[in-house]
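Below is one structure, written out as structure tokens; comments come after it.
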Amino acid sequence: MSVFAAIASLAPTAQVVQASFGNFMLGVGAAAGTSAVINSNRRAIEAEQRATEAERQQTVSPEEEFFRGLQDALNGLPYDNFRATANYDEGFQEGVRRLEAR
15 MSVFAAIASL APTAQVVQAS FGNFMLGVGA AAGTSAVINS NRRAIEAEQR
65 ATEAERQQTV SPEEEFFRGL QDALNGLPYD NFRATANYDE GFQEGVRRLE
115 AR
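For what it's worth, our numbering labels the leading residue of the sequence shown as 15, then goes sequentially.
This is the structure in structure tokens:
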């Protein structure tokens with residue numbers, strides 16, 4: 015009879031263990047999903063940064079540089095002549111002049 019009593023006393027414990035394992039697996043699944051989302055976002059941000067840097071390295075026409083400088087000034091953006099062109103300088107100065115004339 016003591017064997018049956020021992021088995022009967024294990025039954026509630028087994029259910030608790032099963033519930034704990036299920037909760038554990040739920041947590042593992044949630045962690046894996048969260049990790050996948052975080053990694054996906056990280057990869058997207060890195061790709062966007064690479065695209066931005068590639069765009070910054072492209073050669074553009076003097077008119078485009080002038081217009082970029084003009085727009086930066088008119089939109090209140092900081093001076094950003096990363097290509098070190100005189101056209102950007104002229105466009106930015108023109109934008110500042112137009113703002114002061116208002």
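Each residue gets a CB set at the ideal place from its N, CA and C atoms; glycine is no exception.
| field | Nearest-angstrom beta carbon gap, R82 and G105 [assumed within contact, 8 Å] | value | Between G105 and R82 a beta carbon distance of about 7 Å is seen, short of the 8 Å cut, so the two are scored as contacting.
| If you scan the region 70–103 from start to end, which runs of the alpha helix (DSSP H) of 4 or more residues do you find wholly inside it? | Correct list: 76–88.
| message | Distance check for L88 and A115, CA to CA, integer angstroms please. | response | One Cα belongs to A115, the other to L88, and the distance between them is close to 12 Å.
| message | Within 10 Å of its beta-carbon, does N101 have 16 or more other beta-carbons around it, so buried, or fewer, so exposed? | response | N101 should be labelled buried.
| query | Using the beta-carbon count (16 or more within 10 Å), is E79 buried or exposed? | reply | It is buried - the Cβ of E79 has at least 16 other Cβ atoms within 10 Å.
| query | Can the beta-carbon of F96 be found less than 8 Å from the beta-carbon of R112? | reply | For F96 and R112, no; Cβs fall outside 8 Å.
| L84: buried (16+ other C-beta within 10 angstroms of its C-beta) or exposed? | By the neighbour-count definition (other C-beta atoms within 10 Å, threshold 16), L84 is a buried residue.
| request: Helix, strand or coil for R116, going by three-state DSSP, please let me know. | output: The answer is coil: DSSP assigns R116 none of H, G, I, E or B.
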